[in-house]
Structures are given as structure tokens and as C-alpha cells.
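Asker: My structure is below; once you've seen it, I'll send some questions.
Protein chains: 4
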Amino acid sequence: MIPESAKELVDELREQVAALHAELVRYGLVVWTAGNVSARVPGHDLFLIKPSGVSYDDLTPDAIVACDLDGELVDGELAPSSDTAAHAYVYRNMPEVGGVVHTHSTYACAWSARAEPIPCALTAMADEFGGPIPLGPFARIGDDSIGRGIVETLSGHRSRAVIMQNHGVFSIGPDAKAAVKAAVMCEDVARSTHIARQLGPLTPIPQDDIDALFDRYQNVYGQTGAK
Amino acid sequence: MIPESAKELVDELREQVAALHAELVRYGLVVWTAGNVSARVPGHDLFLIKPSGVSYDDLTPDAIVACDLDGELVDGELAPSSDTAAHAYVYRNMPEVGGVVHTHSTYACAWSARAEPIPCALTAMADEFGGPIPLGPFARIGDDSIGRGIVETLSGHRSRAVIMQNHGVFSIGPDAKAAVKAAVMCEDVARSTHIARQLGPLTPIPQDDIDALFDRYQNVYGQTGAK
Amino acid sequence: MIPESAKELVDELREQVAALHAELVRYGLVVWTAGNVSARVPGHDLFLIKPSGVSYDDLTPDAIVACDLDGELVDGELAPSSDTAAHAYVYRNMPEVGGVVHTHSTYACAWSARAEPIPCALTAMADEFGGPIPLGPFARIGDDSIGRGIVETLSGHRSRAVIMQNHGVFSIGPDAKAAVKAAVMCEDVARSTHIARQLGPLTPIPQDDIDALFDRYQNVYGQTGAK
Amino acid sequence: MIPESAKELVDELREQVAALHAELVRYGLVVWTAGNVSARVPGHDLFLIKPSGVSYDDLTPDAIVACDLDGELVDGELAPSSDTAAHAYVYRNMPEVGGVVHTHSTYACAWSARAEPIPCALTAMADEFGGPIPLGPFARIGDDSIGRGIVETLSGHRSRAVIMQNHGVFSIGPDAKAAVKAAVMCEDVARSTHIARQLGPLTPIPQDDIDALFDRYQNVYGQTGAK
């Protein structure tokens, strides 16, 4: 049961989570039903997530389900995503995380199928990820292995995205929208960097430039602090 | 003639088959008129299929034609797909199959033009196909060669998709929607795996992990058996 | 001036030519204004073609211009496509041609920038083109060189498409729709064949199979001669 | 403050700049909020530009901000693009420029991540760019380095686009629409040329042909001077 005090917030977040799935579709990060967005309900031990195996066309706010931080269904008609345990593990262990996204986006998957992190040769990647996007371990679905792999890889790391070996992307953020942005940017730089390397070695960006770009982007970009 | 007892079912399936062709378009698996979906009419020796050479824009339910299991036209104004004999052969020889899809999707065709099966280096592929997607023989259109190649390759195989050498994809399923899903996922993993291998060797997934992933996905994923 | 006897036909063809440009956009064969469709006016020394430098969004039937077979503007407010001379040359020298299409579609351009014909390793290519898609000469715009290159390459050739070196695709057909289909299929097989060859040599299709596929497709496919 | 005499013109340009951002989306040159168009206000020391971090969906004419040629906000509710200093530098130093576009389009970024200019092996590239698209220096955001790199590379150069090392594309034009066209064509030829080179060396276009193509396209193409 959703506590009375959370109901209004949950309704708002259901709208937001449903709408954010459409961004995964728009940016070509998912096919069929293979990708999901979740959002923590701030101030409650709850998060909202996509139901399992449901088409993005059918993903109305009502279809979004609520789970507790053990990944157990708390509210909703449908079974939660088969990736729910991984999302739950992240929320339990990374209190700063408000949103989690999982995709099998093409170019990120390609790096993961060779077990290679994505090197940083583009300023957009330095901005958003502060360096390479790290590789997480191979982990079988069904217990906490995937969640643990995500948390161990991303804790204390600048990058908000991890490519899990032979699997796909998990991204995080202070809220679900930021996690979706990280998933979108991850695929974008995975693609550009892959294509760059097809015809020869990458020209690296010096580390102090990467550091300066990351620092600036985290603090200056966008409308936060707008004059 | 459609038997009276099948008419209602046939009308429903015509709607479904017409709508599923739009999924082939949405996922970029077909250009012009080159790809088709068919659905068995359960309990009758009939299946429904795309007419030949008709644009996907013009594919109303009324345009979908009905054939018997020899591939002969039973109901409809238009000539059936030139791939009808292959679909019919599958329905005659694989009673568990309720839907068949054929596409020339780009990356699957690329593997087929080198006569290579698609190796399994992604968990999504282990989930859906239980291992590599097999290569079927080169077969000329015009007799039962294509149908026989599909049936011989897929009978007893975990994979619901086969890439026919120098040709394209045939996928099957318990119903037409499942066959369309297999066609969509086939192209998705064909693409990611191709791109992965462009920059170096794939990191394989151990066989017992593939087995466990396939078993779980067939039994747990989606809303079947939802709590 | 359009002769009185041709006016109704020209009006119909203007609608068709405008609509066919939208197919170039739909299949991603053109960007900005770089690609054009023309249609012969049967029984008259006239053809209809895109005006130069006009956006596909603004391509109403009224915007389509009429030229004589020397490429001179006969009817229309706008200057004809800068490729008009090449279209005109084809109509003057290939009386069986009723439609011509020109694009800079990506994968076909890639083969042309290496001056390589596109080899035939897919049955869809054998069906439509009867073998490899030939390479035409490098030719500078401004005189009859491009038209002559197209005609010399395609006369007596099975293929309805030619890739002009360092330039792009010209395709022909008995009418404009068939020429658009050839342009669409040319890019589709250029792409699949390119991707196939990225990871190793192509598996060739035996010549007698190519011959049989081409013969069958020209005579059996589609609704012509439908039972 | 916008001077009274510029208000009508600014309103028109706001509409145009907002609409041109939609072209960046249509041609797949941008993801999320990463790309921007600006337009000089002719006769005034002003230009209009995208606000920072705002989604293309939300980019109404009202959201477009006005800056002076030092890049300082003159009119608008939102903070200007983080690339405003680069745009401003171009307007200050290239009086013939009326529009500037910045993108991280995929294939252009790939060339830039290897620090390679894009070679000219396609007539469409000779037409639009008059030869190779040059590489600009690596430059850190935050001062005039990027603007200086653009101006030093493009001054006196035929090309209206530069790929900045490890970063992306800046394109210019007599107005914003021409700069957008250059950004679109830059990605198109970056892609075709990349794909061409994947399978072997490019066949070069002789310099005198490049010169003739460029000269003709600048003077003859389109409706300017239409008969």
C-alpha cells in the first residue's frame, strides 16, 4: 500500500516515469519491451518502475508499478520489471540516487560484448561522464549480482553510467530525468567513439582538460544558476 | 472459402496481422514491400498472410489473404505473398507454430551474406534465442526448398529465428506476435553483435550462463504468471 | 506550354511526382534538397521534375516543373533541378524509360567513392537488379556527360540503377514509381552488402541462381498476373 | 534591451531560429539539448541564440534569447547557450557571417576524435564545401579559444564548416538557414565518406573538377537567378 502522505507525489512521479520511457523510444535506446526507467519516491522507501514485458505504447501512468526497496510489489496491477531487483539494490545502497535507467542500447552493448570500457575522446563525454564510461562485471540475473556490480562500479565514480559486460547500460542520477539523460548521452558517445575508432586510433584528451570540462559542466551548464 | 465457424476468428486475425506488419515498418526491418507476417488460424487448416507486392501503407485487414496449408489462396482479392510456400511448409511441418515472419533486415542479412550464424555474446540474445541464431541453407524460391531449410534448421532448436544464407530472416512463434518479436530481437542482436565484432573479438558468455538465462526468460519474464 | 491534350495527364503526374519525393524522404535517401524524381509524360516530348533547391516539405504538385526532352523549362514558376540535363538525356536516349530518380543515398555513395560496383550476395539484389549494380564513370555536371554515363552503363543491363563514381545513384524504370523503388532497393542492398563485407568476404550466389531469381521476380512477383 | 528599431526584425528571427533548431532534430544532428543555432540581427550588434540546457521540444520563439556581440544577455528570461562566447567571437570577427550552428553530429565527431579533416571524394562535398572540411584545434570551453579556432580555420576557407578536434562541428553562413544547411551537409558527407573508407581507400576527385563543381554550385544551384 502507498502511504496516504505519498499518494500525490506518487501520482506525479507515475506521469513522469511513463513519459520518460517515451524518451528511450525517441532516442532509439530500446526495442520491443527491453528497457526500463525507475524513480525513487523521495522521503519514502519506495520506487516506481515499468511493469515487465509491457509495450511502450501501452505504458500509461496507471501501468507504472510501485515497489519497496527490496523490490517487492507494493502497488499496481502488473508484475514489475524483471530488472527490479537491480534497481532496488541501487536505491538501497546509493541514497543519493533518485532515478535508475536500464537499456540495451546498440553501441553501448557493442562495447560491453567486447568487455571494454568506453574511452574518452570527446568533450561531450568529458562534460557528462568526466572520463571513460566504466565496464561492470558479467552478472547473471536472478539475485543481487547485477545490482552489486552497478553499485561497486559507480560508487565514487564520476560516471553516471556503467556498461555491464555482455549485457547493457545502467545509468543513475539525482532523479529519473537525469538518469535518462545519462542513458541517452552514453549511447551517443558510445556510437561516436566506436565510429571514430573504426578508422584508426583515437586522439586522447589530456587529463587536465577532461577534469576542467567535467568541473565546468557540472557547475555552469543549463539554467541552474542562470543570471 | 473460409468455413463459417472460422469467420469471426479470421476477422480478428486479419486485424492483428495487418497491425503486426506496421511493427516491421516501425522497427525498420522492411523497405518497400519486402517482408511479411502470417498467422495460423487455430483449429483450421488455414493461415493468413500479406498479399504480394502491396505497400505497408495499403495493408488494411481486408487486404490480408487466407491460404490453405498447401499455400493455395482460399479467400482474398489479391495474390498471396511470393513467400507463401515457405510459410505453408512451416505450418504443415511444425504444428506448434502459430505465426511466421520473413524479413530482409539489414544486419541479419549481412551475417547471412557471409554465411555465418550470429554468435551469442549478449544476455538479451541468450534470453530470447538461447544461444547463437543458426544459419539455414541457401535455397532458391519456387519450390519447398526454403520451407524445408527453415524447418530443418529450427526443429528442436532453441532459436525462433533462422538466417537463410544470402537471403534474410525467418522467425516463428506460438503466435504471430511472438514471431514478430523474434524478428525484431534478431535484428537487434545481429546489429549489436556485428558492431561489437568490428573492433575486436567478442567476449563469450559461458554456456551454463546462457542456459540459465534462457531458462529463466522463457519461464519468468513478462506478465504470464505475474503475482 | 503544355499542349491542351496533355493537361489532364500532366496534372495527375504532378501529384504522383510530388508524392514520390516523399518516399525518398521516408527511406532516408535524401537530405535537405539533394535528390529528385522525374516522370515522362507518355505520348509527349515532356517530362516533369523537381524544381532546384526546393525543400521536400514545400514540394506541392504545383511546384513540379515541366521540361522538354532537351531539358528546357516548358511550364512552371521555378527553375528546374540542376540535374535536369541528365534526366533529359536519359529520356531522349532510352525510350523505354518512364521515370528517373537521382539520390546521394549514403551507402551507395560510399561504394561510388571507392569506384566499386556493388557485388551481388543477396537474393533481394538478384531479384531486383539481376546481379551487381554497375559503376558509371566520373562525370562533371554541366553538359551531357552524366546523362551519357547513365545511358552507356544501363543500356542493355539488367540493373535499373547505376552508381556514378564519386557522385551518387541514378535509377530508371518504366514509370517514376518503379524508378523510386529501384533507388530504395539500391540503397538497401548497398547497405546490407557493405555491412556484410565489413567482417569478411561475401559468400557469392552462383550465377545460375542469380539468373533464375531475376527471371522469376520480373515475371511472377506482385499483383501483375495475380490469379 | 532590444532597440525599438530592431524589435520587429528580432521577432521574425526568433521564429526562424526556433524553427531551425527543429531541423537539427529532424536530421539527427543533436540529442537531448546538445546543439544550437544563432542568427545575427542585421544592422545591430546583436544575435539570437538558444538558451542553455533547454529541450528542443520546449524551444518556442519566446525562449530564444538575444545577446550582444560580447555574448552578454540583452533580452530573454533564460541563460544563453554555454557556447554563446564562441558564436559571439565569430560574429565579432567575421562580419560576413549571419548565422552560426554548433552540433555534436555523430560522424563529424568521429573524424574529430581522430583529429582528421574530412577528405573530399564526393561531388556533393565539392559542391557545398569546395574540398575537404578542415579540422580546427582542440580548445577548452570558457574563454575565446573555441571562437578563435573557428575563425582562424574558416577565414578565407571555402568550407563553411569546421570540425573542432575532439569536440564537434561549427558551421557558418550568410544567414542561419545557410549555416544549418552546412551542418546538415557536413554530417551527410562525413557519414558517406567514413563508410566509403571502411572498405578501402577513397578514389580522389581531381582538383580541377572540385574547383569547377564548387564554382558552379555557388553560382547556379537553386532558385537564385532562376529563369
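Chains as they are written, first to last, in the UniProt record's numbering: chain C, 1 to 227; chain G, 1 to 227; chain S, 1 to 227; chain H, 1 to 227.
Beta carbons: idealized from backbone N, C-alpha and C, even for Gly.
Bear in mind that the values here come from a model prediction, so they are computed numbers and not experimental data.
Buried or exposed: where does Pro80(H) fall if 16 or more other Cβ atoms within 10 Å of its Cβ makes it buried?
Answerer: buried
Asker: Pop quiz: Gly35(H) and His102(H) are said to be a contact at Cβ under 8 Å. What is the actual Cβ separation, rounded to whole angstroms?
Answerer: 6 Å
Asker: Quick check on Leu119(C): buried or exposed, where buried means 16 or more other Cβ atoms within 10 Å of its Cβ?
Answerer: Per the sequence presented here, residue 119(C) reads as Pro, with Leu not at that position. Under a 10 Å Cβ-count criterion, Pro119(C) is classified as buried, with 16 or more other Cβ atoms of the shown protein chains found around its own Cβ.
Asker: Taking the continuous alpha helix (DSSP H) assigned at Val17(C), which residues delimit it?
Answerer: 7-26
Asker: Assuming Ala176(H) and Val37(H) form a contact by the criterion Cβ under 8 Å, report the distance between their Cβ atoms to the nearest whole angstrom.
Answerer: 6 Å
Asker: What three-state label does DSSP hand Thr60(S) in the structure shown?
Answerer: Coil, per DSSP.
Asker: Interface residues of chain S around Ile205(H) at Cβ under 8 Å?
Answerer: Using a Cβ-Cβ cut-off of 8 Å, Ile205(H) is close to Phe138, Asn166 of chain S, given in chain order.
Asker: Which word fits Glu23(H), buried or exposed, when buried means at least 16 other C-beta atoms lie within 10 angstroms of its C-beta?
Answerer: With 16 or more other Cβ atoms within 10 Å, it is buried.
Asker: Work out the CA separation of Val10(S) and Arg160(C) for me, nearest whole Å.
Answerer: Rounded to whole angstroms, Arg160(C) and Val10(S) show a C-alpha spacing of 59 Å.
Asker: Reducing DSSP to helix, strand and coil, say where His102(H) ends up.
Answerer: The answer is strand: DSSP assigns His102(H) an E or B state.
Asker: For the beta strand (DSSP E) that contains Met94(C), what are its first and last residues?
Answerer: Careful: Met94(C) lies outside any beta strand (DSSP E) and carries neither H nor E.
Asker: Can you confirm whether Asp57(C), when its beta carbon is compared against all beta carbons of chain H, has any partner nearer than 7 Å?
Answerer: Using beta-carbon distances, Asp57(C) does not count as an interface residue toward chain H, since no partner is under 7 Å.
Asker: Just tell me which of Gly142(S), Pro134(S), Asn166(S) has its CA closest to the CA of Val151(S).
Answerer: Pro134(S)
Asker: Look up Met164(S) in the DSSP assignment and say whether it is helix, strand or coil.
Answerer: strand
Asker: Can you check whether the CB of Gly131(G) is closer than 7 Å to the CB of Ile210(G)?
Answerer: yes
Asker: Got a sec, what are the start and stop residues for the beta strand (DSSP E) Arg40(S) sits in?
Answerer: 35-40
Asker: List the endpoints of the continuous beta strand (DSSP E) containing Phe47(C).
Answerer: 46-49
Asker: So which of Asp68(S), Gln223(S), Phe214(S), Val184(S) has the shortest CA-CA distance to His21(S)?
Answerer: Val184(S)
Asker: How about Val220(C) and Met125(C): are their beta carbons less than 7 Å apart?
Answerer: no
Asker: Within the same chain, show all residues whose beta-carbon is closer than 7 Å to that of Gly28(H), passing over the 5 residues directly before and after it, in chain order.
Answerer: Same-chain partners within the cutoff: there are none.
Asker: Where DSSP assigns a beta bridge to Asp143(C), which residues make up the other side?
Answerer: Ile141(C)
Asker: What's the C-alpha gap between Glu128(G) and Ala212(G)?
Answerer: 12 Å
Asker: Would DSSP call Cys109(H) helix, strand or coil?
Answerer: helix
Asker: Can you tell me whether DSSP reads Leu73(H) as helix, strand or coil?
Answerer: strand
Asker: Which residue from Arg197(S), Cys186(S), Asp58(S), Asn166(S) puts its Cα closest to that of Ala110(S)?
Answerer: Asn166(S)
Asker: Specify the secondary structure class of Gly225(S) as computed by DSSP and reduced to three states.
Answerer: Low confidence applies here, because Gly225(S) scores a pLDDT of 45, under 50, leaving its location unreliable and the question unanswered by this model.
Asker: Are the C-beta atoms of Thr103(H) and some chain S residue less than 7 Å apart?
Answerer: no
Asker: Among Thr60(H), Val74(H), Val25(H), whose alpha-carbon lies nearest the alpha-carbon of Val41(H)?
Answerer: Here the closest residue by C-alpha is Val74(H).
Asker: Quick one: which residues of the region 78-100 of chain S get their C-beta closer than 7 Å to a C-beta of chain H? List them in chain order.
Answerer: Leu78, Ala79, Ser82
Asker: Residues of the region 168-202 of chain H in Cβ contact with chain C at a cutoff of 8 Å, in chain order, please.
Answerer: Gly168, His194, Arg197, Gln198
Asker: Mind checking the region 25-38 of chain G against chain S and listing, in chain order, the residues whose C-beta falls within less than 9 Å of any C-beta there?
Answerer: Val31, Trp32, Thr33, Ala34
Asker: Return the residue from the list Ala63(S), Thr60(S), Asp83(S) that minimises the CA-CA distance to Asp70(S).
Answerer: Asp83(S)
Asker: Would you say Cys120(C) faces chain G, with C-beta separation under 7 Å as the test?
Answerer: no
Asker: Report the residue from Tyr91(G), Pro117(G), Thr193(G) whose alpha carbon sits nearest the alpha carbon of Gly136(G).
Answerer: Pro117(G)
Asker: Could you pull out every residue in the same chain whose Cβ sits closer than 8 Å to the Cβ of Val17(S), ignoring the five residues on either side in sequence?
Answerer: Val37, Ser38, Ala39, Leu48, Ile49, Lys50, Pro61, Ile64, Ala176
Asker: Using the Cα positions of Tyr91(H) and Val162(H), report the straight-line distance between them to the nearest angstrom.
Answerer: 16 Å
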